[in-house]
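S.K.:
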Amino acid sequence: MSALAPLLTSRWGNERAWTLDAYQRTGGYQALREALRMEPAEVLNTVKDSGLRGRGGAGFPTGVKWSFLPPPDGGPRYLVVNADESEPGTCKDIPLMMADPHSLIEGIIITSYAIGCHHAFIYLRGEVVHVYRRLLNAVTEARRAGLLGSSVMGSGYELELTVHAGAGAYICGEETALLDSLEGRRGQPRLKPPFPAVAGLYARPTVVNNVESIASVPWIIAGGADWWKSMGTEKSTGVGIYSLSGHVVRPGQYEAPLGITMRELLELAGGVRAGHRLKFWMPGGSSTPMFTPEHLDVPLDYDSVVAAGSMLGTRALQCFDETVCVVWAVSRWMDFYAHESCGKCTPCREGTFWLRSVLRRIEAGLGRPEDMQILQDIPNSIVGRAFCPLGDGAPSSLTSSLKFFYDEYVQHIQLGGCPFDHKASYLFEAVTA
Amino acid sequence: MTYDPRTLETLRADAAQIVARYPSARSALLPMLHLVQSVDGYVSPDGTAFCAETLELTAAEVSAVATFYSQFKRQPNGKYTLGVCVTSLCGVMGGDAIYERLSEYLAVGNDETTADGLFTLEKIECNAACDYAPVLMVNWEFFDNQTPSSAVQLVEDIRGSRAVRPSRGPDRLATFKEVSRVLAGFEDGHANEGPAAGQPSLEGVDLAARNLWAAPPLPAAGSVRATPATLEGDETK
Numbered sequence: 153m154s155a156l157a158p159l160l161t162s163r164w165g166n167e168r169a170w171t172l173d174a175y176q177r178t179g180g181y182q183a184l185r186e187a188l189r190m191e192p193a194e195v196l197n198t199v200k201d202s203g204l205r206g207r208g209g210a211g212f213p214t215g216v217k218w219s220f221l222p223p224p225d226g227g228p229r230y231l232v233v234n235a236d237e238s239e240p241g242t243c244k245d246i247p248l249m250m251a252d253p254h255s256l257i258e259g260i261i262i263t264s265y266a267i268g269c270h271h272a273f274i275y276l277r278g279e280v281v282h283v284y285r286r287l288l289n290a291v292t293e294a295r296r297a298g299l300l301g302s303s304v305m306g307s308g309y310e311l312e313l314t315v316h317a318g319a320g321a322y323i324c325g326e327e328t329a330l331l332d333s334l335e336g337r338r339g340q341p342r343l344k345p346p347f348p349a350v351a352g353l354y355a356r357p358t359v360v361n362n363v364e365s366i367a368s369v370p371w372i373i374a375g376g377a378d379w380w381k382s383m384g385t386e387k388s389t390g391v392g393i394y395s396l397s398g399h400v401v402r403p404g405q406y407e408a409p410l411g412i413t414m415r416e417l418l419e420l421a422g423g424v425r426a427g428h429r430l431k432f433w434m435p436g437g438s439s440t441p442m443f444t445p446e447h448l449d450v451p452l453d454y455d456s457v458v459a460a461g462s463m464l465g466t467r468a469l470q471c472f473d474e475t476v477c478v479v480w481a482v483s484r485w486m487d488f489y490a491h492e493s494c495g496k497c498t499p500c501r502e503g504t505f506w507l508r509s510v511l512r513r514i515e516a517g518l519g520r521p522e523d524m525q526i527l528q529d530i531p532n533s534i535v536g537r538a539f540c541p542l543g544d545g546a547p548s549s550l551t552s553s554l555k556f557f558y559d560e561y562v563q564h565i566q567l568g569g570c571p572f573d574h575k576a577s578y579l580f581e582a583v584t585a
Numbered sequence: 198m199t200y201d202p203r204t205l206e207t208l209r210a211d212a213a214q215i216v217a218r219y220p221s222a223r224s225a226l227l228p229m230l231h232l233v234q235s236v237d238g239y240v241s242p243d244g245t246a247f248c249a250e251t252l253e254l255t256a257a258e259v260s261a262v263a264t265f266y267s268q269f270k271r272q273p274n275g276k277y278t279l280g281v282c283v284t285s286l287c288g289v290m291g292g293d294a295i296y297e298r299l300s301e302y303l304a305v306g307n308d309e310t311t312a313d314g315l316f317t318l319e320k321i322e323c324n325a326a327c328d329y330a331p332v333l334m335v336n337w338e339f340f341d342n343q344t345p346s347s348a349v350q351l352v353e354d355i356r357g358s359r360a361v362r363p364s365r366g367p368d369r370l371a372t373f374k375e376v377s378r379v380l381a382g383f384e385d386g387h388a389n390e391g392p393a394a395g396q397p398s399l400e401g402v403d404l405a406a407r408n409l410w411a412a413p414p415l416p417a418a419g420s421v422r423a424t425p426a427t428l429e430g431d432e433t434k
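Same order as they appear, the protein sequences are chains A and B.
Converting from the first sequence to this note's numbering requires adding 152 to each position, the first position being numbered 1.
Converting from the second sequence to this note's numbering requires adding 197 to each position, the first position being numbered 1.
1. Would you verify that the beta carbon of Asn234 of chain A is, or is not, closer than 9 Å to some beta carbon of chain B?
2. Just checking, does the segment 271–289 of chain B make contact with the segment 306–318 of chain B on the three C-beta pairs under 8 Å criterion?
3. Of all the options A:Gly278, A:Ala460 and A:Cys269, which has the alpha carbon lying nearest to the alpha carbon of Glu100 of chain A?
4. With distances taken from CA atoms, which of A:Thr504, A:Glu407, A:Gly404 and A:Trp371 is nearest Ser587 of chain A?
5. How many whole angstroms separate the CB atoms of Thr466 of chain A and Gly211 of chain A, which I take to be in contact at a CB cut-off of 8 Å?
6. Going by other Cβ atoms of all chains shown within 10 Å of its Cβ, with 16 needed for buried, is Gly226 of chain A buried or exposed?
7. Along the alpha helix (DSSP H) that carries Gly275 of chain B, what are the first and last residues, could you check?
8. Would you mind giving the Cβ-Cβ distance between Gly325 of chain A and Asp236 of chain A, rounded to the nearest angstrom? I have them listed as a contact below 8 Å.
9. Taking C-beta to C-beta, are Val281 of chain A and Val315 of chain A nearer than 9 Å?
10. Using only CA atoms, which one of A:Ala321, A:Ile267 and A:Pro247 lies nearest to Leu287 of chain A?
11. Are any of the Cβ atoms in chain B nearer than 9 Å to that of Phe432 of chain A?
12. From the beta carbon of Lys575 of chain A, is the nearest beta carbon of chain B less than 9 Å away?
13. Can you find a CB in chain B that lies within less than 9 Å of the CB of Thr242 of chain A?
14. In the DSSP output, which residue or residues are listed as bridge partners for Glu319 of chain B?
15. Does the Cβ of Gln268 of chain B have 16 or more other Cβ atoms within 10 Å, making it buried, or fewer, making it exposed?
16. If you follow the beta strand (DSSP E) that Val359 of chain A is part of, which residue opens it and which one closes it?
17. Can you name the residues of chain B whose CB is closer than 8 Å to the CB of Ala251 of chain A?
18. Can you give the Cα-Cα distance for Ile215 of chain B and Arg163 of chain A, rounded to whole angstroms?
19. Contact between the segment 296–303 of chain B and the segment 199–211 of chain B is defined here as three or more beta-carbon pairs at a separation below 8 Å; is this criterion met?
20. In this structure, does DSSP put Tyr454 of chain A in helix, strand or coil?
21. Measuring CB to CB, does Val369 of chain A end up less than 9 Å from Gly259 of chain A?
22. Let me check one thing: in DSSP terms, what residues is His316 of chain A bridge-paired to?
23. Could you name the residues of the same chain whose beta carbon sits closer than 8 Å to that of Glu312 of chain A, not counting the 5 residues immediately before and after it, in chain order?
24. Excluding five sequence neighbours on each side, which residues of the same chain lie with their C-beta closer than 6 Å to the C-beta of Ala263 of chain B?
25. Hey, out of B:Thr251, B:Pro220 and B:Tyr219, whose CA is closest to Leu208 of chain B's CA?
26. Any contact between the segment 349–357 of chain A and the segment 372–389 of chain A? By contact I mean 3 or more CB pairs, one from each, below 8 Å.
27. Could you check which residue in B:Gly401, B:Phe340 and B:Ser260 has the C-alpha nearest to that of Leu370 of chain B?
28. Once DSSP output is grouped into helix, strand and coil, what is the label at Asp173 of chain A?
29. Report yes or no: do three or more beta-carbon pairs, one from the segment 335–352 of chain B and one from the segment 288–297 of chain B, lie closer than 8 Å?
30. Using a Cβ-Cβ distance cut-off of 9 Å, determine whether Val236 of chain B contacts chain A.
31. Going along chain A in order, which residues have a C-beta closer than 9 Å to the C-beta of Glu309 of chain B?
32. Can you look up Lys431 of chain A in the DSSP assignment and give me helix, strand or coil?
33. What is the DSSP secondary structure of Glu335 of chain A, counted as helix, strand or coil?
34. Any idea if Pro409 of chain A is buried or exposed, counting beta-carbon neighbours within 10 angstroms, 16 or more meaning buried?
35. For Tyr219 of chain B and chain A, any beta-carbon pair shorter than 9 Å?
36. Does any C-beta atom of chain B lie closer than 9 Å to the C-beta of Asp245 of chain A?
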């Protein structure tokens with residue numbers, strides 16, 4: 153029984169893995185050759201049949217998303233890859249593009265062919281300049297090799313690919329905000345409907361997909377839908393990259409069939425750092441409710457995690473041991489949301505601002521007894537009332553932490569200070585560092 | 198605009214290349230703002246006017262966009278931006294201590310620049326390298342697994358003009374202006390430098406190789422990827 157099943161990560165350790173030469177020597181662009189022999193509809197159906205679900209957090213079936221595009225009307229339609237990876241804890245797309253940019257490009261070409269797109273875009277967050285270099289270089293290589301341009305692999309199919317760098321805004325990971333940003337505007341979300349499939353980039357039919365979703369496509373074409381479905385669970389098919397970080401012995405990227413548990417992953421990663429035990433962990437980034445050791449056996453697939461009260465999100469598994477003050481951690485996440493709220497809607501803009509203020513004062517020892525009620529009331533004014541999912545996700549860590557660690561907040565208020573020594577959480581010796 | 202004719206000519210040529218990448222000219226605005234920063238070190242009034250003129254927007258429209266994004270600077274930036282991640286994970290793992298030490302050492306606060314114009318210190322948010330925590334981004338290049346003393350050493354090395362190499366990046370650390378030009382979409386020839394991945398990125402792959410774990414073999418029919426995704430004869434990890 154294989155605990156891990158590296159596919160998307162399988163090339164990352166190869167010598168000069170990012171080059172076209174290295175990629176092609178390991179079977180790269182063979183799936184594209186195969187796809188170009190198929191009808192576009194057949195490619196789309198293969199991905200649909202594979203059950204691949206979006207790897208950017210929401211888990212919507214990728215092939216179904218493609219099929220929402222209206223019938224061709226002669227005008228342009230676009231593929232936009234969401235490479236704005238910014239959800240705290242999420243760190244899988246950036247290493248993928250740094251090590252293996254051609255796998256993304258191959259996925260882009262296949263997907264574009266399937267949906268009838270002739271100009272695709274990668275929207276990369278701007279704060280990772282070496283990843284941008286690798287992507288630009290890979291596109292140049294692909295163009296020179298005839299894999300992009302007026303006739304992809306001599307098939308007559310035409311595709312242009314533009315790699316675009318953002319400029320620092322978490323909200324641009326929301327697909328409609330990303331489109332506004334790509335159009336040269338402030339990155340603020342749009343009202344849906346219309347959905348991007350109908351009116352996306354430049355108000356034309358557009359598919360927006362996560363990096364890992366698109367990089368999975370060549371594998372699905374190469375192996376077929378049934379092969380892909382032979383991995384993972386019935387409703388969460390295939391493999392996914394699990395990112396472990398924090399107080400674990402070997403933090404890093406672990407690619408496994410969907411449905412692996414945190415207990416198994418922790419064991420693979422060498423466990424929690426020596427002499428310590430797990431206190432809480434985030435299953436899918438900071439916008440998903442936290443879990444505790446009692447959730448270690450929850451299968452990490454889309455539906456099981458929801459059933460257990462959280463979300464699989466981006467499989468960004470952040471681990472915190474018993475030295476960590478939950479109020480400190482949550483307060484810092486709220487700093488993030490307050491800073492990154494785009495300001496478009498009042499519940500998110502004001503709600504995150506006030507939650508940040510209250511959390512900061514509790515952590516600083518200035519909390520008041522009535523703050524406990526405020527911490528429960530404000531999220532009720534945000535969740536379900538915000539304009540986009542960023543607002544809905546902002547209070548998740550707070551609300552779940554109140555469920556599991558209510559007393560810790562009360563203790564801060566009663567003590568008039570934080571009972572934890574923050575330095576004990578550092579990964580280095582505070583005195584000598 | 199007060200650009201000298203030669204600078205303006207170069208800017209116009211570069212802007213034309215950027216605009217040509219998109220079906221609609223306005224999409225060029227973000228890369229053009231990066232371009233302006235590569236010349237002026239921030240989004241200057243001249244740069245704003247240049248973007249407005251090129252894209253047929255008003256200066257107010259350009260400013261509205263520029264002020265939305267944290268990478269666009271409203272005052273001259275230091276030659277090196279020291280971005281310390283203090284979002285929950287990196288902060289808790291020691292990013293807080295790194296920030297405090299750098300702030301004390303450089304005698305500047307958040308978003309402030311040293312008097313010599315060399316460093317701008319910035320608290321940054323999650324930069325997608327949590328498995329390398331705590332992370333320091335210098336001009337948006339990765340410096341992984343930092344400590345307060347390693348961060349101070351880095352600052353001293355830059356000050357002393359000693360060679361500084363990012364953990365996962367080019368052989369030589371570029372300046373804020375040079376990096377801004379790359380972000381405008383102009384290749385600088387350093388893509389082939391640095392590693393493909395750091396060790397945390399490879400933990401799962403290595404573990405699978407040691408245990409001979411793998412995905413089920415691709416089916417024979419349509420098996421276009423029969424070769425394993427490892428270079429033949431290559432001593433990979």
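All C-beta atoms, glycine included, are put in the ideal place defined by N, C-alpha and C.
M.R.: Looking at the coordinates:
1. Translated into positions along the first sequence, residue 234 of chain A becomes position 82. Output row for Asn234 of chain A: interface = no.
2. yes
3. Shown here, chain A extends from 153 to 585; a query on residue 100 of chain A therefore has no answer.
4. This structure does not reach residue 587 of chain A, given that chain A is present from 153 up to 585, and the question cannot be answered.
5. By one-based count along the first sequence, residue 466 of chain A stands at place 314. By one-based count along the first sequence, residue 211 of chain A stands at place 59. Not quite, the Cβ-Cβ distance comes to about 10 Å (not below 8 Å), so this is no contact.
6. What you label residue 226 of chain A is simply residue 74 of the first sequence in a count that begins at 1. It counts as exposed.
7. The sequence position of residue 275 of chain B within the second sequence is 78, counting from 1. Careful: Gly275 of chain B lies outside any alpha helix (DSSP H) and carries neither H nor E.
8. Sequence index remark: in the first sequence, residue 325 of chain A carries index 173 (1-based). Sequence index remark: in the first sequence, residue 236 of chain A carries index 84 (1-based). Rounded, the Cβ-Cβ distance is 4 Å, consistent with contact.
9. For the purposes of this step, residue 281 of chain A is taken as residue 129 along the first sequence, with counting starting at 1. For the purposes of this step, residue 315 of chain A is taken as residue 163 along the first sequence, with counting starting at 1. Against a cut-off of 9 Å, the Cβ pair of Val315 of chain A and Val281 of chain A comes out as no contact.
10. Along the first sequence, one-based indexing puts residue 287 of chain A at 135. Cα-wise, what sits closest to Leu287 of chain A is A:Pro247.
11. Taking the first residue of the first sequence as position 1, residue 432 of chain A is located at position 280. Chain B contact via Cβ: absent.
12. On the first sequence, residue 575 of chain A is found 423 positions in, with the first residue counted as 1. Yes, contact with chain B.
13. Residue numbering aside, residue 242 of chain A sits at position 90 when the first sequence is read from its first letter. Yes - at least one Cβ of chain B is within 9 Å of the one on Thr242 of chain A.
14. In the second sequence, the residue the question calls residue 319 of chain B occupies position 122. Paired residues: B:Gly280.
15. As a working note, residue 268 of chain B is residue 71 in the second sequence. So Gln268 of chain B counts as buried.
16. Position 207 of the first sequence, counted from the start, is the residue given in the question as residue 359 of chain A. Run containing Val359 of chain A: Thr358 to Asn362, per the beta strand (DSSP E) assignment.
17. Working through the first sequence from its first residue, we reach residue 251 of chain A at position 99. Correct list: Ala393, Ala394 and Ser398.
18. Sequence index remark: in the second sequence, residue 215 of chain B carries index 18 (1-based). Sequence index remark: in the first sequence, residue 163 of chain A carries index 11 (1-based). Approximately 32 Å between the Cα atoms of the pair.
19. no
20. Taking the first residue of the first sequence as position 1, residue 454 of chain A is located at position 302. The answer is helix: DSSP assigns Tyr454 of chain A an H, G or I state.
21. As a working mapping, residue 369 of chain A is identified with position 217 in the first sequence. As a working mapping, residue 259 of chain A is identified with position 107 in the first sequence. Cβ distance < 9 Å, so Val369 of chain A and Gly259 of chain A count as in contact.
22. Reading the first sequence from its first residue, position 164 is the one you call residue 316 of chain A. According to DSSP, His316 of chain A bridges with A:Tyr275.
23. If you number the first sequence from 1, residue 312 of chain A lands on position 160. Here the set comprises His270, His271, Ala272, Leu300 and Gly301.
24. One-based indexing of the second sequence puts residue 263 of chain B at position 66. Answer for Ala263 of chain B: Leu230, Val240 and Phe269, listed in chain order.
25. For the purposes of this step, residue 208 of chain B is taken as the residue at position 11 of the second sequence. Of the listed residues, the one whose Cα sits closest to Leu208 of chain B is B:Thr251.
26. no
27. Position 173 of the second sequence holds residue 370 of chain B. Considering only alpha carbons, the answer is B:Phe340.
28. By one-based count along the first sequence, residue 173 of chain A stands at place 21. The answer is helix: DSSP assigns Asp173 of chain A an H, G or I state.
29. yes
30. On the second sequence, position 39 is the one that residue 236 of chain B refers to. Cβ-Cβ to chain A under 9 Å: no for Val236 of chain B.
31. Taking the second sequence and counting its residues from 1, the one referred to as residue 309 of chain B is at position 112. Here the premise fails: no neighbours, minimum Cβ distance about 17 Å.
32. As a first step, residue 431 of chain A must be located in the first sequence, where it is residue number 279. Three-state result, Lys431 of chain A: strand.
33. Start at 1 with the first residue of the first sequence, and residue 335 of chain A comes out as number 183. Coil.
34. To locate residue 409 of chain A, count along the first sequence from 1; it is residue 257. When all chains shown are included, Pro409 of chain A counts as buried.
35. On the second sequence, residue 219 of chain B is found 22 positions in, with the first residue counted as 1. So yes, Tyr219 of chain B belongs to the interface.
36. Numbered from its first residue, the first sequence carries residue 245 of chain A at position 93. Chain B contact via Cβ: present.
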